[in-house]
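**Student:** This is the structure I want to talk about, given as structure tokens.
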Amino acid sequence: DSSIALWNSTTGDQIRTLISSNGYAKRILFTHDDKFLVTLSDNTIGIWDVDQGSLFKEIQVPTSNDISIDKKDQWIALATACTSIEVYDLDKCVRVKTIHNAHTECLSSIDISSDGKKIVSSTFWGEFIVRDWQSGEILLHKKVCNLRTSQQPRVYSVKFNVEGNQVVTASSDNIIRIWSIKTGEQIGESLVGHIASVYSASFSDDGRCIISSSADKTARIWDLNPQFPYKVIGRARYIPFELDNIKSSLS
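Residues 21 to 271 (this note's numbering) make up the sequence shown, in order.
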């Protein structure tokens, strides 16, 4: 199905349906000004005018697994299905940077920091790298290891916090981990509760919570105050949108 449905989170009513000519969308993101919807199909980034419900522009790209947009709506970061990263100017819809051999294995996830200066990317083989994408300087290269099994789990998702000094990883060993970019060490205890692979995990804008979704068909809000370890809010396989939107729809 190549359709994309837009819904009113307050009323639960469907607003409109967008039809893509490039197959189903792997990823769907709103720009932070809510004016555009950015979709990723295998070889195409689609930019849709939300008010008009029409396709505004298309960008032909390599087969890719993930995209991210900085909070200034200036850059699109693209994790290709091979080992490279590409960065596009969102306004001009042109590629401005290619980082060849960003990893030695296939990329699984990507995120660009709020200020648009750093990119974090991960692979299905258990590592993530934080870099200054313009200079190419690597700020952190980390391999995730399950201390109990001494094995490297697959990293399905990696995301920055708003300040850009921490990242959160979601892995195939059912665990969520928070990392310091400065020290390279894990912060606090692992978040344990999912009973199957965790496919996505993101910080809330205030940094107090993390939302995750898993192959166990649950989405969870984790309060980083240890007195309130998590709250199960529903069932979902992949949740790429912001936690604050979910909170408002639940209240």
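C-beta atoms are modelled at their ideal positions from N, C-alpha and C, and glycine is treated no differently.
Please read these numbers as outputs of a predicted model, since none were measured by experiment.
Are the stretch 199 to 217 and the stretch 113 to 128 in contact at 8 Å, needing three or more beta carbon pairs?
**Tutor:** no
**Student:** I believe Ile-231 touches Ser-222 by the beta-carbon criterion, under 8 Å. Please report the beta-carbon distance rounded to the nearest angstrom.
**Tutor:** Indeed, because the Cβ distance is near 6 Å, the residues count as touching under 8 Å.
**Student:** If we count Cβ pairs, one from each stretch, closer than 8 Å, do we get three or more for the stretch 137 to 149 versus the stretch 177 to 190?
**Tutor:** Of all C-beta pairs linking the stretch 137 to 149 to the stretch 177 to 190, three or more are shorter than 8 Å, placing the two stretches in contact.
**Student:** Measuring CA to CA, which of Ile-207, Phe-180, Ser-192 is closest to Asp-90?
**Tutor:** Phe-180
**Student:** Rank Gln-154, Ile-198, Trp-153 by C-alpha distance to the C-alpha of Val-175 and give the top, closest one.
**Tutor:** Ile-198
**Student:** Can you give me the start and stop residues for the beta strand (DSSP E) that Gly-66 sits inside?
**Tutor:** Gly-66 -> beta strand (DSSP E) spans 64 to 69.
**Student:** Does Ala-239 come out as helix, strand or coil in the three-state DSSP assignment?
**Tutor:** Reduced to three states, the DSSP call for Ala-239 is strand.
**Student:** Would you kindly work out how many angstroms separate the C-alpha atoms of Lys-267 and Phe-50, rounded to a whole number?
**Tutor:** For Lys-267, the predicted model reports a pLDDT of 40, less than 50, meaning its position is unreliable; a value from the coordinates is still stated below. So the alpha carbons of these two residues sit roughly 17 Å apart.
**Student:** Within 10 angstroms of its Cβ, does Asn-85 collect 16 or more other Cβ (buried), or is it exposed?
**Tutor:** buried
**Student:** Please name the residue, chosen from Asp-93, Asp-111, Arg-115, that lies closest to Ser-133 on a Cα-to-Cα basis.
**Tutor:** Asp-93
**Student:** Tell me whether the beta-carbon of Cys-126 lies closer than 8 Å to the beta-carbon of Ala-97.
**Tutor:** Their beta carbons are not under 8 Å apart, which means Cys-126 does not touch Ala-97 by this criterion.
**Student:** One question on the structure: do Ile-67 and Val-81 come within less than 8 Å of each other, judged by their Cβ atoms?
**Tutor:** no
**Student:** How many Å lie between Arg-36 and Asp-62 at the Cα?
**Tutor:** So the two alpha carbons sit approximately 23 Å from each other.
**Student:** Could you name the residues of the same chain whose beta carbon sits closer than 8 Å to that of Lys-55, not counting the 5 residues immediately before and after it, in chain order?
**Tutor:** Asp-69, Val-70, Asp-71
**Student:** Taking only three categories from DSSP, how would you classify Ile-259?
**Tutor:** Confidence is the limiting factor: at Ile-259 the pLDDT is only 48, short of 50, which leaves the residue's position unreliable and the question unanswerable from this model.
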